[in-house]
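Chemist: Here it is, the structure in full.
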Amino acid sequence: MQRLKNKHVILGVTGGIAAYKSADLARRLRKAGAQVRVVMTAKAKEFITPLTMQAVSGNPVHDDLFDLKAEAAMGHIELARWADVILVAPATAGFIARLVNGEAGDLLTTLCLATTAPLVLAPAMNQAMWKNTLTQDNVQALHAKKIAVLGPGEGDQACGDVGPGRMLEPQELVDRLSEIFATGRLTGQRVLITAGPTREAIDPVRYISNASSGKMGYALAMAAAEAGADVVLISGPVDLEKPTHMKCIDVVSAEEMHAAVMKEVDACDVFLSVAAVADYRCKTVATQKIAKKEAELTLMLERNPDIVASVAALSKKPFVVGFAAETENLIAHAKAKLKNKKLDMVIANQVGQKEVGFDSDDNAATVIWQTQEKIYPRMSKQKLARELIALIADQIKK
Ligand code: PMT
């Protein structure tokens, strides 16, 4: 599975001889589908140039906490939020010590403190420095804080010593990094997800639809698959690449989506209704293109089946999660949908704004279930999807 596909990786480079391998690492991360932004410490630039790292990462290098130009483009807090993971490779003994101390003296340490993304360190240093009890104490502190430490490897060192302290090879780091996203939280669960819009035909060339891009539904499908679930994704017409490692079914109209869901639902444990299903369809669809004749045209619409409510009404029903897309009274409307559609959980998101909701890369949500509510601030749809899948997995276990 391409777990790193579209993942936002901050590659932190600190000042050690292994920094020359960071260029190859950035290249391999991109090849694995990740978007890479490099952050270099001042000492890292003694070993490898920002120009090289910019060329291999495809993005400008970030190296200064107080760079007005960089802050105007993507401020350090925004960068911390952008990250799905921060990988520091090589991580020197000095960097590890600063991190353990909670220092924020430069851009990289500041990002490590400011992010909620997982931190992964690939130590690289002389074998005696690695074995030193001060370093080992710091590494224990990292373990205690659930900061992943990959390596180091053993072998010949640049200084002529032999022993532990070599940075792991770039491909091994890429492989091990991708495992961070494989949580196994939904192993053994079958998850059915609808995504994207539906199209309701008016005539052979025109239709009624909405602006759903499918990004939120596809992100949830990928997060569920990463969490170990068997996923079936039923999608309306979208411009997204089909995710791998899951069954994908394409539909166009709400009626087709309803039929596809009802065919698959028996076998599933969780149903996520992310699609923006048209509530109405044309009562009659013109067989020929409607010609422009009259000043006004009236379309008679009739109700489409409510897919999520149909699933929630089944006697043997899965755990049913609906979305509520609202332009006003978000929470009140979402609570009404939770109750009226008999959902187990509703994910309320504000729509009608540019930055979140329909056709944006980010989203924000309030999740409501039983008597509880949890707020997720604005973040990438991929990151939000992973958080939502973790929450759903916890609820299923209960
Ligand atoms: O696709 P993106 O561009 O990434 O945008 C994501 C999104 C905004 C579309 C998504 O996050 C979202 O909110 N999806 C639900 C959109 C919607 O139709 O909301 P609603 O409040 O109208 O419907 C409530 C729930 O009923 C939804 O779970 C919906 O899937 C379901 N429904 C609605 C009508 C219908 N006939 N059948 C349904 O199952």
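Counting from 55, one number per residue, gives the positions in the sequence shown under my numbering.
Beta carbons are placed, not taken as given, at the ideal position from N, Cα and C, and that holds for glycine.
From a predicted model like this one, the values you see are computed outputs, not experimental measurements.
1. Check whether the Cβ of residue 361 sits closer than 7 Å to any heavy atom of the ligand PMT, and report yes or no.
2. Using 8 Å as the threshold, is the stretch 259 to 272 in touch with the stretch 314 to 325, meaning 3 or more CB pairs across them?
3. May I ask you to report which of helix, strand or coil DSSP gives residue 80?
4. Determine whether the beta carbon atoms of residue 100 and residue 69 lie at a separation below 8 Å.
5. Using C-beta distances below 6 Å, list every residue in its chain close to residue 77, excluding the 5 sequence neighbours before and after it, in chain order.
6. Using the beta-carbon count (16 or more within 10 Å), is residue 426 buried or exposed?
7. Expressed to the nearest angstrom, what Euclidean distance is found between the alpha-carbon atoms of residue 376 and residue 283?
8. Determine which residues share a DSSP beta bridge with residue 207 and list them.
9. Under the DSSP definition of a beta bridge, which residues are partnered with residue 399?
10. State the CB to CB distance for the pair residue 258 and residue 309, rounded to an integer number of angstroms; the pair is presumed to be in contact (CB under 8 Å).
11. Buried or exposed: residue 250, going by 16 or more other Cβ atoms within 10 Å of its Cβ?
12. Is it the case that the Cβ atoms of residue 262 and residue 286 are separated by a distance below 8 Å?
13. What whole-angstrom Cβ distance do residue 138 and residue 61 have, given they're in contact under 8 Å?
14. Let me know if residue 20 comes out buried or exposed under the rule of 16 or more other beta-carbons within 10 Å of its beta-carbon.
15. Between the Cα of residue 173 and the Cα atoms of 201, 180, 159, which residue gives the shortest distance?
16. Roughly how many angstroms separate the alpha carbons of residue 177 and residue 382, rounded to a whole number?
17. Are the Cβ atoms of residue 23 and residue 328 separated by less than 8 Å?
18. Considering only the beta carbon of each residue, do residue 141 and residue 231 sit closer than 8 Å?
19. Cutting at 6 Å between CB atoms, please list the residues of its own chain near residue 256, excluding the five before and the five after it.
20. What ranges does the alpha helix (DSSP H) occupy inside the stretch 264 to 343, keeping only unbroken runs of at least 4 residues that lie completely in it?
21. For residue 373, collect the residues of the same chain with a Cβ closer than 8 Å to its Cβ; drop the 5 residues on either side in sequence, then sort them by chain order.
22. Suppose you measure from the CA of residue 378 to the CA of residue 191; what does that come to, to the nearest Å?
23. Are any of the Cβ atoms in chain D nearer than 8 Å to that of residue 87?
24. Using DSSP with H/G/I as helix, E/B as strand and the rest coil, what is residue 75?
25. Just reading off the beta strand (DSSP E) that residue 62 is part of, what are its end residues?
26. Beta carbon of residue 263: closer than 7 Å to some heavy atom of the ligand PMT?
27. Note down the Cα distance separating residue 97 from residue 434, rounded to an integer number of angstroms.
28. Buried or exposed for residue 93, going by 16 or more other Cβ atoms inside 10 Å?
29. State buried or exposed for residue 179, treating a residue as buried only when at least 16 other CB atoms are found within 10 Å of its CB.
30. By DSSP's criteria, residue 380 is part of a beta bridge. Which residues make up the other side?
31. Out of 73, 72, 116, state which residue places its alpha-carbon closest to the alpha-carbon of residue 90.
32. If you draw a straight line from the C-alpha of residue 346 to the C-alpha of residue 404, how long is it?
Modeler: In short:
1. The residue labelled residue 361 in the question sits at position 307 within the sequence shown. Residue 361: yes, Cβ under 7 Å from the ligand PMT.
2. No contact exists between the stretch 259 to 272 and the stretch 314 to 325.
3. As a first step, residue 80 is located in the sequence shown; it is residue number 26 there, counting from the start. Taken through DSSP and simplified to helix, strand or coil, residue 80 comes out as helix.
4. Taking the sequence shown and counting its residues from 1, the one referred to as residue 100 is at position 46. Taking the sequence shown and counting its residues from 1, the one referred to as residue 69 is at position 15. Result yes, Cβ atoms of residue 100 and residue 69 sit closer than 8 Å.
5. Sequence index remark: in the sequence shown, residue 77 carries index 23 (1-based). Excluding sequence neighbours, residue 77 sits near 106, 110.
6. Your numbering for residue 426 matches position 372 in the sequence shown. Its Cβ having fewer than 16 others within 10 Å, residue 426 is exposed.
7. If you number the sequence shown from 1, residue 376 lands on position 322. If you number the sequence shown from 1, residue 283 lands on position 229. About 19 Å.
8. Mapped onto the sequence shown, residue 207 falls at position 153. Its beta-bridge partners are 220.
9. Sequence index remark: in the sequence shown, residue 399 carries index 345 (1-based). Bridge partners of residue 399: 375.
10. Taking the sequence shown and counting its residues from 1, the one referred to as residue 258 is at position 204. Taking the sequence shown and counting its residues from 1, the one referred to as residue 309 is at position 255. Actually they are not in contact, since the Cβ atoms of residue 258 and residue 309 sit about 17 Å apart, beyond 8 Å.
11. Numbered from 1 along the sequence shown, position 196 holds the residue referred to as residue 250. By the 10 Å Cβ count, residue 250 comes out buried.
12. Here residue 262 corresponds to residue number 208 of the sequence shown, with the count starting at 1. Here residue 286 corresponds to residue number 232 of the sequence shown, with the count starting at 1. Using a Cβ distance threshold of 8 Å, residue 262 and residue 286 do not count as a contacting pair.
13. On the sequence shown, position 84 is the one that residue 138 refers to. On the sequence shown, position 7 is the one that residue 61 refers to. Right, their Cβ atoms sit about 5 Å apart.
14. Given that the chain is displayed from residue 55 to residue 452, the structure contains no residue 20 and the question cannot be resolved.
15. Indexing the sequence shown from 1 puts residue 173 at position 119. With distances taken between Cα atoms, residue 173 lies closest to 201.
16. On the sequence shown, position 123 is the one that residue 177 refers to. On the sequence shown, position 328 is the one that residue 382 refers to. Each residue's Cα considered, the two are about 50 Å apart.
17. There is no way to answer for residue 23, as the model of the chain reaches only from 55 to 452.
18. Reading the sequence shown from its first residue, position 87 is the one you call residue 141. Reading the sequence shown from its first residue, position 177 is the one you call residue 231. The answer is yes: Cβ separation under 8 Å.
19. To locate residue 256, count along the sequence shown from 1; it is residue 202. Here the set comprises 336.
20. If one requires a minimum length of 4 residues, the alpha helix (DSSP H) runs lying completely within the stretch 264 to 343 are 269 to 280, 308 to 318, in chain order.
21. Indexing the sequence shown from 1 puts residue 373 at position 319. Excluding positions up to five away in sequence, the list reads 323, 324, 325, 398, 399, 446, 449, 450.
22. Here the question's residue 378 lines up with position 324 in the sequence shown. Here the question's residue 191 lines up with position 137 in the sequence shown. Each residue's alpha carbon lies about 48 Å from the other.
23. Annotation note: the requested chain D is absent from the structure, which comprises a single protein chain.
24. Here residue 75 is taken as the residue at index 21 of the sequence shown, counted from 1. Note: residue 75 maps to helix in three-state DSSP.
25. As a working note, residue 62 is residue 8 in the sequence shown. Segment 62 to 67, the beta strand (DSSP E) holding residue 62.
26. As a first step, residue 263 is located in the sequence shown; it is residue number 209 there, counting from the start. It does not: the Cβ of residue 263 is nowhere closer than 7 Å to a heavy atom of the ligand PMT.
27. As a first step, residue 97 is located in the sequence shown; it is residue number 43 there, counting from the start. As a first step, residue 434 is located in the sequence shown; it is residue number 380 there, counting from the start. Residue 97 and residue 434: Cα-Cα distance of roughly 32 Å.
28. By 1-based counting over the sequence shown, the position of residue 93 is 39. Its Cβ being crowded by 16 or more others within 10 Å, residue 93 is buried.
29. If you number the sequence shown from 1, residue 179 lands on position 125. By the neighbour-count definition (other C-beta atoms within 10 Å, threshold 16), residue 179 is a buried residue.
30. Counting from one through the sequence shown, the residue named residue 380 turns up at place 326. In the DSSP assignment, the residues bridged to residue 380 are 404.
31. The count along the sequence shown starts at 1 and reaches residue 90 at position 36. Relative to residue 90, the option among 73, 72, 116 whose CA is nearest is 116.
32. In the sequence shown, the residue the question calls residue 346 occupies position 292. In the sequence shown, the residue the question calls residue 404 occupies position 350. Rounded to the nearest angstrom, the two C-alpha atoms are 37 Å apart.
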